[in-house]
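Asks:
Numbering (UniProt numbering), first residue to last: 1 to 476.
Written out as structure tokens, the structure reads:
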């Protein structure tokens, strides 16, 4: 183990190497954004019964919005905590409960239940105040959490749900106050020693959207995923009650704590969610860069590499360890109540619009097959290219050259790396090219059947601005 001298504990268990997006990543992200629908949960004067909102945010392991390393930024949970309305509560992550970092807590997750219990006390304390003046209140509790913070958030909702009816039975002829949870969760990881967290979603959860990292290979980060109940699976919700969205990237890409990369796209997606939920009146969200050019991240530490754990791009697909968690079954009357409430709140967003403004660099690719020992036949090209003017041929040096033209215009010639040409088989093979920013310019990454094979670096060149970037100012 001499080679690990000077390696920090963090480096041993995790990494943050920039890697290129895969050919299918952009499409997956676009689909995720189209699938997102949320109810507007903000109280309005005409609500019957009258409503109030309280927010709770549970940060991830070793995450604290007031103690952020210079090579990171606050997580999406810390970001959301600053956007919510009404009384709001933020809880630092496991390992950050004291003035000094507690590495034992960070490793074992000892404080996960304690954090949830503290939040329960805060909620009941505030509820006790509210029902003094509004005994039949509909309390809308917004909850967000990342990593172990998402596990604490789940446990918090369960222990509140279990005590709610007994604690607030309704008095003096009043109906009991109504509890409704709405939650955004990010890559739930409940890894701990000797603790049985309550992770299934309770009946009082009206809306849950869980984002899960597709490219997290580390065995120490198994994700807890909701098993949809039989009724939810066949329900006619306009707004899905329980939904899981899988996104490209590692654990902290989903937590959005890296300084750049796909996390920037995910922040914009979440800005739209916050607008749908009613936490912001913004309608346009702008990034003058293309986050895809900064890639995603390889989270493997030295331990994973010693164990030869495959990372994103080295295999067609990461098979991540998952643990299924079962939510409480709803009675038909409970289902109808949640469905009708969510649909009514979602109607507030009718005729609303949200725009994301960013630059795009279209990826491209083709399918080919080998003829004989050397020749390659082009079978088809991606939708971004003109098939009639795209060719595969050999130059006088014996190199394989791909000549192509974008649909939007612009002819190009690209010499395929030898390793890429060798990987093309007798049956149809997919070759795709994605881009990534590097310090000296731009890197073209070549994937064969969705596995990274090689890259070519192009230096920075002089840029002539034809037109200034037109962003959100156009929509104001």
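C-beta atoms are modelled at their ideal positions from N, C-alpha and C, and glycine is treated no differently. It should be emphasised that the depicted structure is a prediction, and the values quoted were computed from it without experimental measurement.
Just checking, does the region 291-311 make contact with the region 254-267 on the three C-beta pairs under 8 angstroms criterion?
Replies: With the cut-off at 8 angstroms, the region 291-311 and the region 254-267 touch.
Asks: Buried or exposed for residue 53, going by 16 or more other Cβ atoms inside 10 Å?
Replies: The count along the chain shown starts at 1 and reaches residue 53 at position 53. Flag for residue 53 reads buried.
Asks: Within the same chain, show all residues whose beta-carbon is closer than 8 angstroms to that of residue 480, passing over the 5 residues directly before and after it, in chain order.
Replies: Because residue 480 is not part of the residues shown, which for the chain are 1 to 476, the question remains open.
Asks: Tell me, please, whether the CB atom of residue 181 is closer than 9 angstroms to any CB atom in chain B?
Replies: The structure shown contains no chain B, having only a single protein chain.
Asks: Please list the terminal residues of the continuous alpha helix (DSSP H) segment that includes residue 83.
Replies: Within the chain shown, residue 83 is the residue found at index 83, counting from 1. Segment: none, residue 83 is in no alpha helix (DSSP H) and carries neither H nor E.
Asks: On the three-pair Cβ rule with 8 angstroms, is the region 181-190 touching the region 139-148?
Replies: Output reads yes: the region 139-148 touches the region 181-190.
Asks: Within the same chain, show all residues whose beta-carbon is closer than 7 angstroms to that of residue 15, passing over the 5 residues directly before and after it, in chain order.
Replies: Mapped onto the chain shown, residue 15 falls at position 15. So the list reads 298, 299, 300, 301, once near-sequence residues are dropped.
Asks: List the DSSP bridge partners of residue 324.
Replies: As a position in the chain shown, residue 324 is number 324, starting the count at 1. 225, per the DSSP bridge assignment.
Asks: Would you mind working out which of 17, 219, 240, 27 sits nearest residue 335, comparing C-alpha positions?
Replies: As a position in the chain shown, residue 335 is number 335, starting the count at 1. Residue 240 is the option with its Cα nearest to residue 335.
Asks: Buried or exposed for residue 364, going by 16 or more other Cβ atoms inside 10 Å?
Replies: Residue mapping note: residue 364 aligns to position 364 of the chain shown, counting from 1. Classification of residue 364: buried, given that the 10 Å Cβ count is 16 or more.
Asks: Less than 9 angstroms between the beta carbons of residue 153 and residue 143, yes or no?
Replies: Reading the chain shown from its first residue, position 153 is the one you call residue 153. Reading the chain shown from its first residue, position 143 is the one you call residue 143. Result yes, Cβ atoms of residue 153 and residue 143 sit closer than 9 angstroms.
Asks: Check for me: the beta strand (DSSP E) holding residue 210 runs from which residue to which?
Replies: As a working note, residue 210 is residue 210 in the chain shown. Looking at the DSSP string, the run of the beta strand (DSSP E) that includes residue 210 is 205-213.
Asks: Starting from residue 276, trace the beta strand (DSSP E) in both directions and tell me its first and last residue.
Replies: Locating residue 276 in the chain shown gives position 276, counting from the first residue. Counting along the chain, residue 276 falls outside any beta strand (DSSP E), though it belongs to the alpha helix (DSSP H) covering 262-277.
Asks: Using 10 angstroms around the beta-carbon of residue 515, count the other beta-carbons present and answer buried if the total reaches 16, otherwise exposed.
Replies: Summary: the structure shown does not reach residue 515, with the chain confined to residues 1 through 476, and so no result is reported for it.
Asks: Would the region 409-424 and the region 434-453 be scored as touching if the rule is three or more Cβ pairs under 8 angstroms?
Replies: yes
Asks: Which value, in whole angstroms, describes the spacing of the CA atoms of residue 74 and residue 80?
Replies: Residue mapping note: residue 74 aligns to position 74 of the chain shown, counting from 1. Residue mapping note: residue 80 aligns to position 80 of the chain shown, counting from 1. Between residue 74 and residue 80, the C-alpha separation is close to 10 angstroms.
Asks: Going by alpha carbons, who is nearest to residue 230 out of 242, 50, 223?
Replies: One-based indexing of the chain shown puts residue 230 at position 230. Out of 242, 50, 223, 242 has the C-alpha closest to the C-alpha of residue 230.
Asks: Can you tell me whether residue 292 is helix, strand or coil according to DSSP?
Replies: For the purposes of this step, residue 292 is identified with residue 292 of the chain shown, where counting begins at 1. If DSSP states are grouped into helix, strand and coil, residue 292 belongs with the helices.
Asks: Does the count of Cβ pairs from the region 349-363 and the region 261-280 closer than 8 angstroms reach three?
Replies: yes
Asks: Are there 16 or more other CB atoms within 10 angstroms of the CB of residue 409, so buried, or fewer, so exposed?
Replies: Along the chain shown, read from residue 1 onward, the residue named residue 409 stands at position 409. Here residue 409 is exposed. Its C-beta has fewer than 16 other C-beta atoms within 10 Å.
Asks: Under a three-way DSSP split, which group does residue 2 fall into?
Replies: For the purposes of this step, residue 2 is identified with residue 2 of the chain shown, where counting begins at 1. Confidence at residue 2 is low in this model, with a pLDDT of 38, below 50, so its placement is unreliable and no value can be given for it.
Asks: Closest by CA to residue 183, which one among 77, 287, 391, 411?
Replies: Residue 183 sits at position 183 when you count from the first residue of the chain shown. Here the closest residue by C-alpha is 77.
Asks: Mind checking residue 3: buried by the 16 CB within 10 Å criterion, or exposed?
Replies: In the chain shown, counting from the first residue as 1, residue 3 sits at position 3. In this predicted model, residue 3 has a pLDDT of only 39, less than 50, meaning its place in the structure is not dependable; the value taken from the coordinates is given anyway. Residue 3 should be labelled exposed.
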